[in-house]
Each structure stands twice: as structure tokens, then as C-alpha cells.
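Below: one structure, written as C-alpha cells.
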């Protein structure tokens with residue numbers, strides 16, 4: 001049961017990371033001296049949740065998903081009709097995610113080391129970084145759905 | 001540009017790590033191509049941490065931080081404003097994503 005339950009935090013923290021990044025974009029778009037604290041809080045929250053997503057998801061991926069046993073998710077997918085749900089979607093997902101980690105480091109650097117409300121260009125940069133995280137994050141969620149579907153297709157015999 | 005030079009709000013670390021994002025995103029994609037195309041490299045990466053993906057992550061995250069720090073020690077903020085960093089972020093995302101998705105694209109037809 002522990003193994004099954006531990007698939008949830010990766011997804012939940014990922015969604016929180018996306019929501020916090022969206023929050024950063026909204027605060028930046030309406031930036032003033034009054035909302036700098038919220039902007040910084042949201043950017044740190046984005047970083048925290050994306051790193052939790054990475055660490056927990058990475059642990060599950062290495063220990064369970066890709067384990068060299070016949071009943072691991074990877075083995076089940078590769079034995080079924082949707083092999084590409086691993087060989088394209090998982091392979092792409094697990095490596096594109098690193099770019100989200102870079103952005104999660106860049107985001108608080110920009111929000112903490114600049115006065116966003118005083119500079120339109122820096123404000124726009126903050127929005128670009130935050131929305132890029134949102135777009136990539138939504139992509140990750142979609143890729144995750146395809147990977148889960150790949151397992152289901154294998155277990156259902158491709159029907 | 002002259003106005004930007006006088007703007008104290010613009011930060012070197014934001015530029016340095018923005019530029020590092022572009023370079024590291026491209027390196028991330030190229031490292032995938034290299035390790036998937038050359039088994040000894042993948043095996044070596046696996047031997048370092050137990051899994052090639054863990055080593056891959058350590059390499060690119062450390063590279064991102066090191067490059068970002070090095071760039072931040074230069075006067076790069078005088079040449080690159082925030083609009084250009086926005087452009088670098090978008091280009092880095094598109095290029096990095098395309099290299100990765102493009103490399104694995106052939107598997108969609110298996």
C-alpha cells in the first residue's frame with residue numbers, strides 16, 4: 001500500500017507547483033510595492049513544490065517504475081501495445097522536467113533580487129518564467145496521463 | 001541601453017542564470033543524445049550513482065548553478081537586459097524541448 005500511495009505526492013506537488021507559478025504570474029502582472037511579499041512567497045512555493053515533485057517522483061521512478069522486474073510499470077508498458085508511452089512520453093518527460101528545475105531556481109532569483117514593480121521588463125521576465133513553468137507543468141501532467149494509459153493498455157491486452 | 005545601465009534594479013544573477021538556462025537546456029538535450037547513442041557513456045553514468053538518470057540530473061543541475069554563478073561574476077548585465085533574458089528563456093525552452101522530444105520522436109512509430 002505504501003508504494004501505491006507514494007505515487008500521489010509526485011502528482012499533487014506537481015499541481016501545486018503549477019498553481020504557485022500561476023500565482024506568481026498573476027502577482028507579477030499586478031505588481032506593486034504592496035504585493036512584493038506575496039510575489040516572493042509564491043515564487044519560493046513554486047520552487048519548493050517543484051523540487052518535492054522531482055525528489056519524490058525521481059525516487060519512485062528509480063525504485064519502482066523502472067525496476068528490472070517483470071511487474072514494474074516500465075516492464076508492463078514495454079510488453080504491451082503502447083510501448084511508446086514509455087519510450088517517448090516517459091523518456092521525454094523525465095528529461096524535460098530538468099528544465100523546470102532550472103526555471104524553479106531562476107524564478108526566486110529574479111523575484112528576490114529585483115524590484116519587480118519598478119521595472120516593466122523585469123516584471124515581464126517574471127511572467128515569462130512563471131508561465132513557462134505552467135506550460136511545461138501542464139505538459140508533464142498530460143505526459144503522465146499517457147504513461148498511466150500505457151500501463152492500462154498493457155493490462156487490458158491492448159483493447 | 002543607456003537607461004538600462006543606470007537602472008540599479010537589474011540584477012547580475014538574474015542575467016547570469018538566465019543565460020545559464022539557455023546553455024544548460026541545450027546541454028541537457030545533447031547529453032541525452034550522447035548517452036542514448038553511446039552505451040559506454042550511459043554505463044559510466046549509471047556506475048556513478050546507480051542510475052544514469054540520477055547522474056544526468058546531478059550533471060545538469062550542477063552545470064546550471066556553476067554556469068549561472070560564473071556568468072553572474074561578469075559584467076553581462078550591461079549587455080543583456082530583462083527582455084533579452086525573457087527571449088533566452090523562451091528560446092532555451094523551445095530548443096531544449098525540441099532536442100529531447102525530437103530525439104525520442106521515432107519511438108512514437110514503434
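Chains as they are written, first to last, in my numbering: chain A, 1 to 159; chain B, 1 to 110. We treat Cβ as the ideally placed atom computed from N, Cα and C, and that holds for glycine. None of the values given here were measured: they were computed from a predicted structure.
What residues from the region 27-41 of chain A come within 7 Å of chain B, judged by C-beta to C-beta, listed N to C?
Answer in chain order: no residues at all.
Residue 51 of chain B by DSSP, collapsed to three states: which one?
Coil.
Less than 7 Å between C-beta atoms, sequence neighbours within five positions excluded: which residues of the same chain meet that for residue 24 of chain B?
Excluding positions up to five away in sequence, the list reads 60, 63, 64, 67.
DSSP three-state label for residue 80 of chain B, please.
Three-state DSSP puts residue 80 of chain B in coil, outside helix and strand.
So with CB distances below 8 Å, who are the chain B contacts of residue 164 of chain A?
One cannot answer for residue 164 of chain A here, as it falls past the ends of chain A, which runs 1 to 159.
In whole angstroms, give me the CA-to-CA distance for residue 29 of chain A and residue 84 of chain A.
The alpha-carbon atoms of residue 29 of chain A and residue 84 of chain A are separated by roughly 39 Å.
Tell me which residue opens and which closes the alpha helix (DSSP H) that residue 21 of chain A is part of.
Element bounds for residue 21 of chain A: 8-29.
Return no unless some Cβ of chain B is closer than 7 Å to the Cβ of residue 59 of chain A.
Judged by the 7 Å Cβ criterion, residue 59 of chain A is not in contact with chain B.
Looking at chain B, which residues of the region 79-107 of chain A have a Cβ within less than 8 Å of any of its Cβ atoms?
Those residues of the region 79-107 of chain A that come within reach of chain B (Cβ to Cβ, closer than 8 Å) are 83, 84, 87, 88, 91, 92, 94, 95, 96, 98, 99, 101, 102, 103, 105, 106.
To the nearest angstrom, report how far apart residue 97 of chain B and residue 29 of chain B are at their CA atoms.
Looking at the two C-alpha atoms, the distance is approximately 8 Å.
Would a check of beta-carbon distances place residue 12 of chain A closer than 7 Å to chain B?
It does not: the Cβ of residue 12 of chain A has no partner Cβ on chain B nearer than 7 Å.
Does the Cβ of residue 69 of chain A have 16 or more other Cβ atoms within 10 Å, making it buried, or fewer, making it exposed?
By the neighbour-count rule (16 or more Cβ atoms within 10 Å), residue 69 of chain A is not buried but exposed.
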